[in-house]
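Quick mapping for you: the protein sequence lines, in order, are chains R and X. Numbering (this note's numbering) for the first sequence: 1 to 113. Numbering (this note's numbering) for the second sequence: 1 to 109. Report on the following structure.
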Amino acid sequence: DAGVIQSPRHEVTEMGQEVTLRCKPISGHDYLFWYRQTMMRGLELLIYFNNNVPIDDSGMPEDRFSAKMPNASFSTLKIQPSEPRDSAVYFCASSWNREGVQYFGPGTRLTVL
Amino acid sequence: KNEVEQSPQNLTAQEGEFITINCSYSVGISALHWLQQHPGGGIVSLFMLSSGKKKHGRLIATINIQEKHSSLHITASHPRDSAVYICAALLGGADGLTFGKGTHLIIQP
Numbered sequence: 001d002a003g004v005i006q007s008p009r010h011e012v013t014e015m016g017q018e019v020t021l022r023c024k025p026i027s028g029h030d031y032l033f034w035y036r037q038t039m040m041r042g043l044e045l046l047i048y049f050n051n052n053v054p055i056d057d058s059g060m061p062e063d064r065f066s067a068k069m070p071n072a073s074f075s076t077l078k079i080q081p082s083e084p085r086d087s088a089v090y091f092c093a094s095s096w097n098r099e100g101v102q103y104f105g106p107g108t109r110l111t112v113l
Numbered sequence: 001k002n003e004v005e006q007s008p009q010n011l012t013a014q015e016g017e018f019i020t021i022n023c024s025y026s027v028g029i030s031a032l033h034w035l036q037q038h039p040g041g042g043i044v045s046l047f048m049l050s051s052g053k054k055k056h057g058r059l060i061a062t063i064n065i066q067e068k069h070s071s072l073h074i075t076a077s078h079p080r081d082s083a084v085y086i087c088a089a090l091l092g093g094a095d096g097l098t099f100g101k102g103t104h105l106i107i108q109p
């Protein structure tokens, strides 16, 4: 397996634009997690899915953020409209179960100007 | 106050030294993870613990459930071990991982 795949790897956009981040988990993993990493706050869980169903989105900062998982092999994290404070590295990870080892994607570095 | 605390925040050591990074948490957990993040930014899971001790090569992770404390040890450290090491706990009642701030380790040749 190629591991968790994320795209794009880098995204630079202007404030107010819509941003869509994509993730392909490892085949067979039932759990998918979206994290955000900033210098100030470190790593934070945004949302996670179990069998394509969102379980906990309490980490999603505000209504501008939304995430979907239309099938077992694809998830998106959308920010609309984007703001400079959304600049961060966004990681996707997947695992077989909630407590188990998580496999991280390479991350998407988002810069909102 | 963060529910997962790591120490030290920064650590510089000489090649060959024995390294210990500590992690403490404030409530019961169902699992604790140690992650490694290299300068390029990629994150790798090193260990997942719920009790006892695990060893992989020169890396050893221990956890004391009663004391709410875990340690990551590196024996015979090498410059390629230079990275940020992050402790993350699945706290009781929580759905997702809570992360420590990380320990920035530099091993000098």
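Don't be surprised by glycine CBs; every beta carbon is placed ideally from N, CA and C.
- Contact of residue 25 of chain R with chain X is not assigned, every C-beta pair being separated by 9 Å or more.
- At a Cβ-Cβ threshold of 9 Å, residue 99 of chain X and residue 4 of chain X count as neighbours.
- Within chain X, 95, 96 have C-beta atoms less than 8 Å from the C-beta of residue 56 of chain R, given in sequence order.
- Shortest Cα-Cα distance from residue 104 of chain X to any of X:66, X:35, X:75 involves X:35.
- Look at residue 104 of chain R: its C-beta is under 9 Å from a C-beta on chain X.
- Chain-ordered, the chain R residues with CB closer than 9 Å to the CB of residue 31 of chain X read 98, 99, 100.
- For residue 105 of chain R, the number of other beta carbons within 10 angstroms of its own is at least 16, and it is reported as buried.
- Leaving aside the five residues that flank residue 10 of chain R on each side, the residues in its chain whose CB is nearer than 6 Å to its CB run, in chain order, 109.
- When C-alpha distances from residue 31 of chain R are compared across R:14, R:20, R:42, R:53, the shortest belongs to R:53.
- The region 30-94 of chain R contains, as complete beta strand (DSSP E) runs of 3+ residues, the segments 31-38, 42-50, 53-56, 65-71, 74-79 (chain order).
- Of the candidates R:71, R:64, R:41, R:38, R:71 places its Cα closest to the Cα of residue 49 of chain R.
- Assigned with DSSP and collapsed to three states, residue 58 of chain X falls in coil, not helix or strand.
- A distance below 9 Å separates the beta carbons of residue 70 of chain X and residue 61 of chain X.
- The residue among X:29, X:38, X:7 with its C-alpha nearest the C-alpha of residue 19 of chain X is X:7.
- Put simply, the CB of residue 90 of chain R is far from chain X, with every gap to its CB atoms at 9 Å or more.
- Assignment of residue 80 of chain X by DSSP, reduced to helix, strand and coil, places it in the helix class.
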